[in-house]
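As given, the protein sequences belong to chains U and P, one line each in that order.
Numbering (the numbering used here) for the first sequence: 121 to 515.
Numbering (the numbering used here) for the second sequence: 121 to 515.
Report on one structure; see the data block that follows.
Number of protein chains: 2
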Amino acid sequence: MMVFSFSIKHSTSDSSARVGLISTPHGTIETPAFIFCATKADIKGVTIDQLVQANTQIILSNTYHLMLQPGSELIKKAGGLHKFMGWNGPLFTDSGGFQIFSLGHGNVCSEIKGVRNILKQRTLMNLTEDGARFRSYIDGRIVNLTPEKSVQIQMDLGADIIVSMDECTPYHVSKLYTANSMEKSKRWTLRSLAEMKKYEQKGQALLAVIQGGVYKDLRQESANFANENNFHGFAIGGSLGKTKCEMYDVVAMTTEMLDKNRNVHLLGIGGVEDIFECVKYGIDTFDCVAPTRIARHGVAIVKLNESRTKPQNYINLNNAVFRDDFLPISEGCHCYTCRNFSNAYIHHLIKAHEVLAGNLISIHNIFTMNRLMNDIRQSILDGKLNELKTEWCGV
Amino acid sequence: MMVFSFSIKHSTSDSSARVGLISTPHGTIETPAFIFCATKADIKGVTIDQLVQANTQIILSNTYHLMLQPGSELIKKAGGLHKFMGWNGPLFTDSGGFQIFSLGHGNVCSEIKGVRNILKQRTLMNLTEDGARFRSYIDGRIVNLTPEKSVQIQMDLGADIIVSMDECTPYHVSKLYTANSMEKSKRWTLRSLAEMKKYEQKGQALLAVIQGGVYKDLRQESANFANENNFHGFAIGGSLGKTKCEMYDVVAMTTEMLDKNRNVHLLGIGGVEDIFECVKYGIDTFDCVAPTRIARHGVAIVKLNESRTKPQNYINLNNAVFRDDFLPISEGCHCYTCRNFSNAYIHHLIKAHEVLAGNLISIHNIFTMNRLMNDIRQSILDGKLNELKTEWCGV
Chain U
121 MMVFSFSIKH
131 STSDSSARVG
141 LISTPHGTIE
151 TPAFIFCATK
161 ADIKGVTIDQ
171 LVQANTQIIL
181 SNTYHLMLQP
191 GSELIKKAGG
201 LHKFMGWNGP
211 LFTDSGGFQI
221 FSLGHGNVCS
231 EIKGVRNILK
241 QRTLMNLTED
251 GARFRSYIDG
261 RIVNLTPEKS
271 VQIQMDLGAD
281 IIVSMDECTP
291 YHVSKLYTAN
301 SMEKSKRWTL
311 RSLAEMKKYE
321 QKGQALLAVI
331 QGGVYKDLRQ
341 ESANFANENN
351 FHGFAIGGSL
361 GKTKCEMYDV
371 VAMTTEMLDK
381 NRNVHLLGIG
391 GVEDIFECVK
401 YGIDTFDCVA
411 PTRIARHGVA
421 IVKLNESRTK
431 PQNYINLNNA
441 VFRDDFLPIS
451 EGCHCYTCRN
461 FSNAYIHHLI
471 KAHEVLAGNL
481 ISIHNIFTMN
491 RLMNDIRQSI
501 LDGKLNELKT
511 EWCGV
Chain P
121 MMVFSFSIKH
131 STSDSSARVG
141 LISTPHGTIE
151 TPAFIFCATK
161 ADIKGVTIDQ
171 LVQANTQIIL
181 SNTYHLMLQP
191 GSELIKKAGG
201 LHKFMGWNGP
211 LFTDSGGFQI
221 FSLGHGNVCS
231 EIKGVRNILK
241 QRTLMNLTED
251 GARFRSYIDG
261 RIVNLTPEKS
271 VQIQMDLGAD
281 IIVSMDECTP
291 YHVSKLYTAN
301 SMEKSKRWTL
311 RSLAEMKKYE
321 QKGQALLAVI
331 QGGVYKDLRQ
341 ESANFANENN
351 FHGFAIGGSL
361 GKTKCEMYDV
371 VAMTTEMLDK
381 NRNVHLLGIG
391 GVEDIFECVK
401 YGIDTFDCVA
411 PTRIARHGVA
421 IVKLNESRTK
431 PQNYINLNNA
441 VFRDDFLPIS
451 EGCHCYTCRN
461 FSNAYIHHLI
471 KAHEVLAGNL
481 ISIHNIFTMN
491 RLMNDIRQSI
501 LDGKLNELKT
511 EWCGV
């Protein structure tokens with residue numbers, strides 16, 4: 121049986137970008153890689169066959185959603201999440217913490233991104249040293265999640281790469297709160313590591329979440345702690361600031377602090393430009409719902425010079441300009457959608473309220489993100505990452 | 121270029137069941153066959169690749185829906201419906217009449233099935249000798265459809281088998297109304313035939329709709345007319361009565377009246393038991409939205425002995441009994457869904473409101489209907505149609 125490992129195949133002198141290989145019990149992942157979100161054990165509307173045909177290496181499911189519906193016991197009884205959902209490749213799960221805290225603070229992600237939103241219903245009931253207590257968004261029942269429980273659930277799911285539970289610190293808190301929260305996350309992460317030892321022989325990996333918000337000294341403290349303990353790798357979490365610039369600064373300074381021999385995941389970030397920037401700082405894997413979520417709203421990912429209107433990395437197929445556009449989304453693209461269907465057809469499906477539109481654009485976006493990551497890996501090997509970035513994002 | 125033809129490969133002595141072959145400009149169809157409804161130029165949530173993998177021979181699109189959105193001119197400009205939707209096989213379109221009249225009478229189909237429903241908004245504005253005038257359900261604009269226009273639109277779409285426009289006579293009318301309506305449909309059908317002559321070299325087929333409601337003498341009159349003119353085949357339309365028994369009687373007496381050397385389509389019928397009955401009366405092709413519509417509501421087609429609860433030709437995957445059922449929908453089935461996914465997984469997707477559930481069940485239902493028709497063809501050749509019916513529907 122293959123166990124988790126990470127090896128660097130190539131690094132560069134002018135940036136921290138690197139090409140690597142992650143091995144897992146369910147196969148390997150060439151990095152930098154993008155991880156697609158199969159939140160509730162499926163990529164909405166896209167079958168596993170279609171995912172594989174789009175060259176997908178790895179997918180992610182959410183512990184929070186699956187522990188509530190259908191429950192991790194059921195998935196364990198089914199033989200694990202791989203068997204349950206028919207996916208045989210590498211699988212990543214998060215700890216459940218992000219959703220508990222972001223929903224708990226009233227919104228899925230706006231709070232940690234610094235956008236205040238106090239109108240939505242709060243579901244986080246109680247946060248103690250032991251863990252978190254929250255209301256299920258499905259049926260209102262009260263659920264406890266502890267670091268140990270999160271590891272147990274992720275092991276029941278059978279993911280290849282799991283994440284330690286942390287408190288997902290909001291943006292609108294004091295530095296003291298962030299410091300205390302980071303310290304608690306350290307204690308939780310040690311408890312996760314202790315729990316994980318019970319499953320050691322299974323070969324899965326535990327990533328420690330690096331906290332500390334936008335504060336350099338706190339990030340350093342969190343990174344030191346993670347470096348000193350034998351986590352398989354790291355995941356950069358917590359608030360990354362309010363602007364793109366702030367985010368790049370936080371990612372740059374944090375990766376600089378981390379042990380270079382372990383893989384680094386950046387939680388929840390996946391814009392094309394963000395990926396180029398963060399690959400340069402040494403990020404190995406990304407996850408984000410965006411490629412498939414925007415697809416369901418009619419938006420396809422393209423290179424800057426392929427957007428028909430203003431220069432951007434997407435086209436919106438809802439626009440009337442596509443009504444009689446008989447070209448594919450991207451003329452150079454070899455995805456199933458671009459080989460077979462025109463923008464006019466997809467625009468028609470959107471206007472006719474057919475879900476197939478979202479499926480077809482999802483297939484294109486998944487294929488495109490996989491192609492982007494493949495091209496990024498090649499460009500790092502060739503020393504041409506900046507040229508590739510210009511091709512995708514302009515100068 | 122292949123032109124339309126129909127040949128009988130095998131007929132039986134104990135019933136009117138026959139095995140045949142329809143040739144069209146886009147390939148052949150072994151009959152009896154089922155035609156799947158790609159109403160708005162797609163099978164909701166299912167890609168053309170998935171349709172092909174499920175052994176689909178022929179699909180149907182609706183003139184009524186496509187003339188309103190995106191419009192037949194646009195589809196013509198796209199190179200025809202085959203190219204627009206990426207389907208290279210035989211394609212069937214209806215005349216648009218059914219929707220105009222059934223929506224016009226206040227409901228899609230309940231009226232011609234004899235179920236009164238006067239609450240819904242009527243959209244049929246005017247019915248004359250020339251044609252019908254109705255309001256678009258999309259934007260309220262007024263649209264005229266004549267027999268000639270219907271042929272022109274279907275030719276713009278480029279279907280291989282098209283249907284003449286008729287008045288779809290309701291059930292709750294007098295025999296005199298039905299007789300007058302049938303006479304008008306005859307005149308309309310002659311106008312369709314004249315229009316069709318302009319396109320003769322393209323090799324497509326025009327089916328004449330047989331009207332006359334539940335009245336034997338009117339059906340005979342309509343059948344005589346169709347037999348005497350050189351339509352490529354027939355489609356049985358109009359009211360088939362209020363009960364299954366009445367429907368079987370109407371189908372049996374109508375097929376008996378028709379020229380045996382031409383193919384007979386039964387419009388809008390597709391239940392498993394109905395198919396077995398009507399194949400015996402000599403029906404060659406069926407179309408119905410049911411297999412994919414029920415799939416989107418969580419219902420899968422199975423043999424009688426595969427339904428877990430009471431003996432019936434379906435299982436409802438919404439039911440809690442499937443929560444921890446780790447078997448596929450049908451253990452003997454080789455469809456993509458049954459080879460890869462359990463009822464527990466599909467039940468979870470339904471509970472989690474994931475559209476993938478409907479897609480996976482649609483794939484199973486399409487594969488199953490194609491397998492059913494294949495087995496029916498083989499059983500006719502083997503003289504074992506009744507045995508096959510018992511296997512599927514019981515005694």
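Don't be surprised by glycine CBs; every beta carbon is placed ideally from N, CA and C.
query                                                                                                               : result
Chain U within 8 angstroms of P:Tyr257, Cβ atoms only                                                               : no
Supposed close pair P:Pro411, P:Met489 - CB separation, criterion 8 angstroms                                       : 5 angstroms
Within chain U, partners of P:Gly165 - CB distance below 7 angstroms                                                : Gly165, Val475, Leu476, Asn479
P:Thr157: first and last residue of the uninterrupted alpha helix (DSSP H) it sits in                               : Looking at the sequence itself, residue 157 of chain P is Cys, so the reference to Thr does not match. No alpha helix (DSSP H) contains P:Cys157, which is instead part of the beta strand (DSSP E) from 153–157.
Among P:Cys157, P:Ser301, P:Val123, P:Ala420, the one whose alpha carbon lies nearest that of P:Phe406              : P:Cys157
CB contact check: P:Gln498 to chain U, cutoff 8 angstroms                                                           : no
Nearest-angstrom Cα separation, counted from P:Lys322 out to P:Met493                                               : 29 angstroms
Distance between beta carbons of P:Ser256 and P:Asp286, contact taken as under 8 angstroms                          : Not really, about 21 angstroms apart at Cβ, beyond 8 angstroms.
Three-way DSSP call (helix, strand, coil) for U:Asp445 in this model                                                : coil
Contact with chain U by P:Phe196, beta-carbon distance below 8 angstroms                                            : What sits at residue 196 of chain P in the sequence shown is Lys, not Phe. Closer than 8 angstroms: no.
Three-state class that DSSP yields for U:Cys580 in the structure shown                                              : Only positions 121 to 515 of chain U appear in the structure, and residue 580 of chain U is not among them; the question remains open.
Alpha-carbon spacing of U:Ala420 relative to U:Leu437, whole angstroms                                              : 7 angstroms
Supposed close pair P:Ala355, P:Ile330 - CB separation, criterion 8 angstroms                                       : 7 angstroms
Min CB distance P:Ala279 to chain U below 8 angstroms                                                               : no
U:Ser143 - partner residues in DSSP beta bridges                                                                    : U:Ser125, U:Thr148
Helix, strand or coil at U:Cys408 [DSSP, three-state]                                                               : strand
Proximal chain P residues relative to U:Met205, where beta-carbon distance stays under 7 angstroms                  : Tyr465
P:Gln340 versus P:Glu348 - alpha carbon distance                                                                    : 12 angstroms
Buried or exposed by the 16-neighbour rule on C-beta atoms within 10 Å, applied to U:Arg138                         : buried
Identity of the residue in P:Asn433, P:Thr213, P:Ser143, P:Ile128 nearest P:Thr159 by Cα                            : P:Thr213
Members of the stretch 368–388 of chain P that neighbour chain U once the beta carbon cut-off is set at 9 angstroms : none
Between the CA atoms of U:Ile282 and P:Phe403 - distance to the nearest angstrom                                    : Note that residue 403 of chain P is Ile in the sequence shown here, rather than Phe. Cα to Cα, P:Ile403 sits roughly 58 angstroms from U:Ile282.
Closest residue to U:Val441 among U:Arg491, U:Ala464, U:Tyr456 (Cα-Cα distance)                                     : U:Ala464
Boundaries of the alpha helix (DSSP H) in which P:Asn246 is found, first to last residue                            : Counting along the chain, P:Asn246 falls outside any alpha helix (DSSP H), though it belongs to the beta strand (DSSP E) covering 244–247.
Below-8 angstroms beta-carbon distance, P:Ala161 vs any chain U residue                                             : yes
Selection of the stretch 339–356 of chain U by Cβ proximity to chain P, strictly under 7 angstroms                  : none
Neighbour flag for P:Leu223 against chain B, beta carbons, 8 angstroms                                              : In the structure shown, chain B cannot be found, because the protein chains are U and P.
Secondary structure of P:Phe487, DSSP reduced to three states                                                       : helix
Where the stretch 175–191 of chain U meets chain P: residues whose CB sits under 8 angstroms from a CB there        : His185, Gln189, Pro190
CA-to-CA distance, U:Arg253 to U:Leu223, given in whole angstroms                                                   : 12 angstroms
According to DSSP, residues forming a beta bridge with U:Ala420                                                     : U:Ile435
Assigned secondary structure, U:Leu387 (DSSP; H/G/I helix, E/B strand, else coil)                                   : coil
Three-way DSSP call (helix, strand, coil) for U:Leu118 in this model                                                : Residue 118 of chain U cannot be examined here, being either before or after the span of chain U that is shown, 121 to 515.
Chain U within 8 angstroms of P:Leu141, Cβ atoms only                                                               : no
Contact set between P:Phe461 and chain U, taken where Cβ atoms lie within less than 7 angstroms                     : Gly206
U:Leu360, DSSP secondary structure in three states                                                                  : coil
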